[in-house]
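Just so you know, the sequences run in chain order G and B.
For reference, each letter of the first sequence is one residue, going 1 to 177 in UniProt numbering.
For reference, each letter of the second sequence is one residue, going 1 to 177 in UniProt numbering.
The next block holds one structure in the form of structure tokens; read it before the comments.
There are 2 protein chains.
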Amino acid sequence: MADNTGANAKPIRTALSGEDGIDLAIIELFFFAYRDFTSDPDLILAKYGFGRAHHRVLYFVNRKPGLTVAELLDVLKITKQSLARVLKQLIDSGHVTQVQGPRDRRQRELYPTARGRTLALALARPQSRRIRAALESSTTTERAGIERFLKAMVNPELRAQIDNLPGNMPGEDHGKQ
Amino acid sequence: MADNTGANAKPIRTALSGEDGIDLAIIELFFFAYRDFTSDPDLILAKYGFGRAHHRVLYFVNRKPGLTVAELLDVLKITKQSLARVLKQLIDSGHVTQVQGPRDRRQRELYPTARGRTLALALARPQSRRIRAALESSTTTERAGIERFLKAMVNPELRAQIDNLPGNMPGEDHGKQ
DNA sequence: AATTTATGTCAGCTATGTTGACATATTTTT
DNA sequence: AAAAATATGTCAACATAGCTGACATAAATT
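The following block contains the structure:
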């Protein structure tokens with residue numbers, strides 16, 4: 001008997017391809033597209049000593065100013081200990097500021113500062129430029145199809161979080177100009 | 001003078017939205033879509049004590065059996081020290097096997113084993129299912145538009161890496177079935 | 001007054017990336 | 001044949017960003 005376990009396992013020489021009814025084309029396109037999509041802001045963040053974790057916090061604080069720590073944790077799906085480090089740096093560097101909740105004084109409402117708004121815009125700009133370039137030769141119908149596809153890729157129960165952001169209509173298209 | 005720096009910075013209460021010509025809709029759809037897209041395999045990987053790093057290695061070893069360590073490093077854009085840990089675990093667990101390069105005996109060709117192929121398929125299946133569901137009500141034209149968009153989101157110099165994978169025609173559509 | 005809630009903080013652990021230095025086998029160049 | 005370059009492996013130390021568990025404080029709720 002041949003030993004086909006551990007380091008002696010027999011190599012498979014045929015490439016995995018779509019014959020199993022698996023959509024490898026979109027799987028790997030999505031992988032590469034997202035990787036390059038995030039690489040633009042990464043270059044800017046590095047100058048501030050920030051990472052993607054900072055980007056995510058800054059993004060949502062700008063998209064929904066005044067959200068509480070608990071709300072932010074719910075969107076990011078991380079622990080408060082994890083958030084604490086990143087948030088502290090953003091506050092110390094003057095990109096985010098905390099305001100005591102007006103109704104419930106235990107809460108800390110998070111707001112961007114002018115500096116934080118500027119950085120959030122600087123991070124979004126190259127991403128938006130990349131999107132615009134990628135959509136250049138697309139028709140209005142194609143754009144609508146792309147938005148519908150991306151939204152359908154999100155877990156149904158999380159779609160509410162998207163709809164909760166300013167300017168996003170529940171279950172509607174996201175057409176902007 | 002008001003002190004608008006550090007912890008005393010003035011909060012901005014208006015939400016960031018598309019008025020700066022920035023495509024926030026697709027930025028955040030892409031963010032949420034990719035997050036949930038990767039969550040499916042994460043659940044399976046956890047059962048093996050593997051993470052996303054293992055997934056990426058296993059994916060490309062299956063997509064291009066026989067690639068060398070150097071080629072893999074080039075696709076993943078990580079250091080060999082980083083790859084070493086993850087690759088060792090995949091080899092020890094019998095998912096990947098190494099074969100001495102036939103022409104250049106310094107090279108180690110990487111191949112999936114039967115077990116590695118099975119796991120790669122198991123990881124791709126829920127992702128493909130999610131894609132199929134998201135494309136359900138899409139026309140052929142819309143699907144083509146989505147693929148063209150995703151490919152256009154990738155850095156031009158990296159598109160060659162996609163085209164190098166089996167079944168992907170350079171600059172062509174990725175239509176399957 | 002007691003309990004629950006929102007937040008903060010300390011300590012330690014894990015996964016995945018990094019750099020630098022060096023070893024080994026093999027191929028290429030001189 | 002000797003020297004240099006290349007492909008890979010390995011050791012050590014470090015950074016980032018996640019995690020769990022435990023505990024503290026202030027404020028709201030019961």
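For each residue, glycine too, the CB sits at the ideal point set by N, CA and C.
Using a Cβ-Cβ cut-off of 9 Å, B/TYR48 is close to nothing in chain G; its nearest Cβ partner there is about 15 Å away. Take the alpha-carbon of B/ASN62 and the one of B/GLY116: they are about 8 Å apart.
In its chain, beyond the 5 residues on either side, LEU67, LEU72, VAL75 and LEU76 have a beta carbon closer than 8 Å to the beta carbon of B/PHE60. Looking at G/LEU90, G/MET169 and G/THR140, the one whose alpha-carbon comes closest to that of G/LEU119 is G/LEU90.
Of all residues in the region 95–122 of chain G, the ones placed with a Cβ closer than 9 Å to any Cβ belonging to chain B are HIS95, VAL96, THR97, GLN98, VAL99, GLU109, LEU110, TYR111, PRO112, THR113, ALA114, ARG115, GLY116, ARG117, ALA120 and LEU121, in chain order.
Counting along the chain, G/VAL75 sits inside the alpha helix (DSSP H) bounded by residues 69–76. For G/MET153, the chain B residues whose Cβ falls inside 7 Å of its Cβ are ALA33, ASP36, PHE37, ARG130 and ALA134, in order along the chain. With 16 or more other Cβ atoms from the protein chains shown falling within 10 Å of its own Cβ, B/TYR34 counts as buried. In this structure, G/HIS55 is the residue among G/HIS55, G/GLY49, G/ARG103 and G/PHE30 with its C-alpha nearest to the C-alpha of G/PRO41. At a cut-off of 8 Å, the C-beta of B/GLY167 has a neighbouring C-beta in chain G. If you check the CB distance, G/LEU110 and G/GLN100 do not come in under 8 Å. Pairwise C-beta distances place the region 13–30 of chain G out of contact with the region 133–141 of chain G, as fewer than three of them are shorter than 8 Å. Looking at B/ALA53, B/ARG105, B/PRO102 and B/ARG106, the one whose alpha-carbon comes closest to that of B/LEU87 is B/ALA53. With a threshold of 16 other beta carbon atoms within 10 Å, B/ASP104 falls short and is exposed. By the Cβ-count criterion, G/MET153 is buried, with 16 or more other Cβ atoms from all chains shown falling within 10 Å of its own Cβ. One thing to note: B/ALA160 has its Cβ no nearer than 8 Å to the Cβ of B/ILE44. Close CB contacts of G/TYR48 within its chain, under the 8 Å cut and outside five residues either way in sequence, are with HIS54, SER93 and LEU119 (chain order). Close partners of B/GLY51 in chain G (Cβ separation under 9 Å) are lacking, with about 15 Å as the shortest Cβ gap. Contact between B/PRO65 and B/PRO112 holds, since their C-beta atoms are separated by about 6 Å, short of 8 Å.
Interface annotation for the region 73–95 of chain B against chain G: LYS77, ILE91, ASP92, SER93, GLY94 and HIS95, criterion Cβ-Cβ distance under 9 Å. The DSSP-derived three-state label of B/ARG105 is coil. Under DSSP, B/PRO126 shares a beta bridge with no residue.
Relative to B/GLN127, the option among G/ARG129, G/ASP20 and G/LEU24 whose CA is nearest is G/LEU24.
The C-beta distance from B/ASN168 to G/ASP36 rounds to 17 Å, too long to meet the 8 Å contact threshold. Leaving aside the five residues that flank G/PHE50 on each side, none in its chain has a CB nearer than 6 Å to its CB. Ranked by Cα distance from B/ARG108, the first of B/ILE22, B/PHE149 and B/ALA70 is B/ALA70. In the structure shown, the three-state DSSP call for G/PRO112 is strand.
Between B/ARG125 and G/ILE22, the C-beta gap is smaller than 8 Å, which places the two residues in contact. Look at G/ASP42: its C-beta is not under 8 Å from any C-beta on chain B. In the three-state reduction of the DSSP assignment, G/VAL86 falls in the helix class, which pools H, G and I.
Of the candidates G/LEU158, G/LYS80, G/HIS95 and G/LYS10, G/LEU158 places its Cα closest to the Cα of B/SER39. B/VAL99 is bridged by DSSP to B/GLU109. Listed along chain G are PRO65, each with a C-beta nearer than 8 Å to that of B/THR14. Secondary structure of G/PRO11 (DSSP, three-state): coil. Secondary structure at G/LYS80: helix, using DSSP grouped into helix, strand and coil.
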